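In my numbering, the protein residues as written are 3 to 803.
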C-alpha cells in the first residue's frame, strides 16, 4: 500500500511541477538553515563529557565584591593549589594546577644541534602529574610521573607527527622561553570538544618557585586549579567552607562583605558560563537558545509556504478528489495519500539540503573557526535530527492541507467555489501574516545589530588608535629581570632614532585590550577596597596614545613605581568630584603606598560592550610585554626592514611580528561581528523562503484570475492597475505583520542591547527602514509574476477559459 501511495505521489509531483519545485526549494532552504544552526549548537555543547569522572570535576574560580560590584575571574594564585589540597583533604581526591600559554614560540631540535622555530597560537601549558588523576588523557608512550621533574615535557601525537615526522620524539629536546625541555612521553590527541586544548605539557616544577613567589597577591587568568571531588563528599559542604578558606589566607572581610571569595565551578559549565574564561572558545547558553529558535522559525516558515501553496493549488485537484471519493476512497486513505506526497517532497528537500549545506559550510567553517560537517556516516545525532525534521515537517506541512483537501463529500468537492470556502482565505491570510512577521522581525533585528556594531566601530574610545604599531616584547620568566629590562630600554632607544617614528612607549598592553590585569586597592579614609585595572606603562605612554590629562601630571619615565595616574571613573569611585583634590593622595597597591600624580580622561580599556572601569597607570618595567610605535605618515612600510632588524638584534631567538592597533581593536569584536553575520545569513534565508511563498501564491492567483484579467484588459485596464490589484492584498498583510513584528522586535532587541554598555537608541527610523525593505522585497516578488500576467494577451486569457 505504501508503495502505491509513493507511486501516485511521484505521478502527482510530475504533473504539478511548478508547485513541487517551489515547495522543494522552500523546504530545502528551511531544513538547510535549521540543520546548520543545530550543528553549530551541537558543536558548542557537551564539552569535556568524555571524562569518566566528569560529574565530580570542578574548577576553583575567584570572585571579588567591591564598591563597583561583583567581579569574576577564572584565575587563582598558584599557591592556592597546595593550600586547597591540604585544607580539603577529606573532600578532594586530587587537585592540580595548570598555566596556559598563548602565542608561544617553540624551538624543535634539529639533527645539527640547532632549533627550528615554530610559532603557535595555543596548545602549550604548564601542568602537574596530578592532571592525569583528574582528566582522561592517556599516554601512548612514557609515564605520567615523568613531568614531576623540572624541564620535562609531554607532547601530543599530532604535534609529534607534525614536528618530528618519522623520528621518535621521546628523548628529544625542545626549547621554550630559552629553557630546554626533554620530551618524556607522547599524549593521546585531545578531542575536538574540550576546554583543555593542550598539545605540549611542560613540567610545572620548572617555574613553580617563580610562580608561587607572589604568594596570595598575584592572579592571572591563565592560572587555573582543577580538582576531583571525593566520591563520598558533598560539593555543597565544600562550597560552604570556601568563604572561610578565603578569609584564612586573605584576612577577614570588611563588615560590609567586601573581599575575595572562591567558587567551585562544575566542569560542564566551563563552555557556557560567561562570567569566567577558559583555555578554548565559549558559547553562551543564550546563543544556543537563539540559534535553536532561529532554526525552528526557519522550519515553521517553510512549512507555512508549503501549506499556502498546497491549499492554493488544491482547487485544481478538486475533480480528482471528488472522483476518488465517488469511487470509494475513504478520508483516511486520501489523507494518507496526500501525506505521502508531502513526505516525498520533504525527503527530496532533505537530500538536497545536505548537498546545499555542505556547500555553505565551506564558507561558514573558516569564517566561524569551526569544523562542522554533515558526517552522516558517524554522527548519529545528525541522522536523528534529519529523521526528526522530516517527520515534523511532513506533519506540520501536510496535515492541514490533507485535512482540507479531503474534507469534501463526493460532488461537492468537484465545485471549485465550494472548495475556496473550505480552504478558508482567512487561514491562508493568517499564515502569510506570520511569514511577513518572521521576515520583518529578522530584518529589524539585523538592522539593529548592524547599526550597533557600526556605532561601536566609529565611537570615540578616548585615545589615539590610528598610525600606531605594536611589537611584542618576549619575556623569559627564568631570565634575570635586570637583563630583560636592559634589552627593552636599548631596543626603545634604537627604535626612537629611526626616521618616521615620532614616539615609542614600553607597556604591558595598549589602552584598549583583551589582556586585562586586575586587582583592588585601598585609599586612606575609604572603608571599602576599589576594584581596578592596571596598565603598566612608561613615561611616554600617555603622550603617545594622546590620553587627556585632567589634573596633575603624567608619569616620570622611571623603571619602578613612583606614583600613579588614575582615570576619572576611579577618581569618582574614590569619592573625589574635584580631581585636583585626589592628586597627592596616597594609594595602597600591592603593599606599595604611592601618591596619585595625575588624573586622565576616561578611555575604554576593554570592549565597548563593557562600561569604563577604574584604571591605574603605573611604572613597572618588569611588567612590560609590548612596545608601541607612533608612525608618521606612510613611513612604516619603508622602515619595516630597519624596525625588524633592531627587534631581531634584541631578541634573536624569537620570530618578529607586528600589528596595527586599529586592527587589534577591530578584532576585539570578532565574536559579535560573526554572530551578526550569522544572523544576517539566516535572516536572508527566512526572507527568501517567504519570497518563494509569495511567488507561488501570486502564480496561483494569476492562474485563478486569468479570465478576470482578460476582461479587465479588454475593458481598458492598464498593466499597472492589474499589478496593483495583486499588490493591494499583500500590502494589507505586510502592514499587519509589521504591526505585530515591531513591538516584539523592539522588546527583544532592547534586551539584546542591554549587553552593551554603549548602545544605539531604537528610534522609528530603523523600523520604518525595515518596513520599507519588506515592501521592496514583496513588491519585487509580487510584481515580477503579476506583471507577466498583466502583459498577457487578453485574447489568449479569455480563450483559456
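Don't be surprised by glycine CBs; every beta carbon is placed ideally from N, CA and C.
Remember, it's a predicted structure, so these values are computed and weren't measured experimentally.
Measuring straight from C-alpha to C-alpha, what distance separates residue 362 and residue 273? 26 Å
Exercise for review: Return the first residue and the last residue of the beta strand (DSSP E) that residue 181 is part of.
Suggested key: 181-189
Q: Name the residue from 184, 356 and 271 whose alpha carbon lies nearest to the alpha carbon of residue 196.
A: 271
Alpha carbon of residue 432 to alpha carbon of residue 772, nearest angstrom:
20 Å
Any chance the stretch 493-503 sits against the stretch 112-130, with 3 or more Cβ pairs inside 8 Å? no
Self-check item: Pair within 9 Å by beta-carbon distance, residue 192 and residue 201
Solution: yes
Check your understanding: DSSP on residue 372, reduced to helix/strand/coil?
Key -> coil
### Query
Taking only runs of the beta strand (DSSP E) that begin and end inside the stretch 90-171, which ones reach a length of at least 3 residues, in chain order?
94-103, 106-111, 117-122, 126-129, 141-143 and 154-158
Best match in 204, 39, 186 and 438 for proximity to residue 108 [C-alpha to C-alpha]:
204
Enumerate in chain order the residues of its own chain whose CB-to-CB distance from residue 405 is below 8 Å, with the five nearest sequence positions on each side excluded. 337
Fill in: Nearest to residue 690 (by Cα), restricted to the options 22, 25 and 31
31
(Q) Mapping the DSSP letters down to three states, classify residue 458 as helix, strand or coil. (A) helix
In chain order, what residues of the same chain lie with their CB nearer than 7 Å to the CB of residue 783, ignoring the 5 residues before and after it? 693, 696 and 697
Three or more C-beta pairs closer than 8 Å, one from the stretch 633-650 and one from the stretch 560-579: is that the case here?
no
Next on the checklist: If contacts are defined as beta-carbon pairs under 8 Å, then residue 508 and residue 629 qualify, I think. What distance do you get, rounded to the angstrom?
Outcome noted: 5 Å
task: Decide if residue 475 is buried, meaning its Cβ has at least 16 other Cβ atoms within 10 Å, or exposed.
output: buried
Are the stretch 241-253 and the stretch 161-175 in contact at 8 Å, needing three or more beta carbon pairs?
-> no
Note the first and the last residue of the continuous beta strand (DSSP E) segment covering residue 261.
-> 261-268
Could you tell me whether the Cβ atoms of residue 99 and residue 226 are closer together than 9 Å? yes
query: Is DSSP giving residue 22 helix, strand or coil here?
result: helix
Subject >> Given 8 Å, three or more beta-carbon pairs between the stretch 645-652 and the stretch 554-567 >> reply: no
Check your understanding: When the Cα atoms are used, what is the spatial distance from residue 424 to residue 741?
Key -> Confidence is the limiting factor: at residue 424 the pLDDT is only 43, short of 50, which leaves the residue's position unreliable, though a coordinate-based value still follows. C-alpha separation (whole angstroms): 28 Å.
task: Compute the beta-carbon to beta-carbon distance between residue 637 and residue 739, rounded to the nearest angstrom, for a pair I have assumed lies under 8 Å.
output: 56 Å between Cβ atoms; not a contact.
Self-check item: Three-state class that DSSP yields for residue 290 in the structure shown
Solution: helix
Which of helix, strand or coil DSSP assigns to residue 576: coil
Next on the checklist: Less than 7 Å between C-beta atoms, sequence neighbours within five positions excluded: which residues of the same chain meet that for residue 459?
Outcome noted: none
Exercise. Buried or exposed: residue 542, going by 16 or more other Cβ atoms within 10 Å of its Cβ?
Worked result: buried
* **9 Å Cβ cutoff met for residue 768 and residue 446** => yes
Check residue 784 in the structure and name its three-state DSSP category. helix
Straight-line Cα distance separating residue 213 from residue 243:
26 Å
Pop quiz: residue 42 and residue 374 are said to be a contact at Cβ under 8 Å. What is the actual Cβ separation, rounded to whole angstroms?
7 Å
According to DSSP, is residue 733 part of a helix, a strand, or is it coil? helix
| field | Of the listed residues 267, 221 and 745, nearest to residue 241 (C-alpha basis) | value | 267
Does DSSP classify residue 7 as helix, strand or coil? Because the pLDDT of residue 7 is 46, which lies under 50, any placement of that residue in the model is unreliable, and the number read from its coordinates should be weighed accordingly. DSSP places residue 7 in helix when its eight states are reduced to three.
- Item | Cβ neighbour criterion (16 or more within 10 Å) applied to residue 142 | exposed
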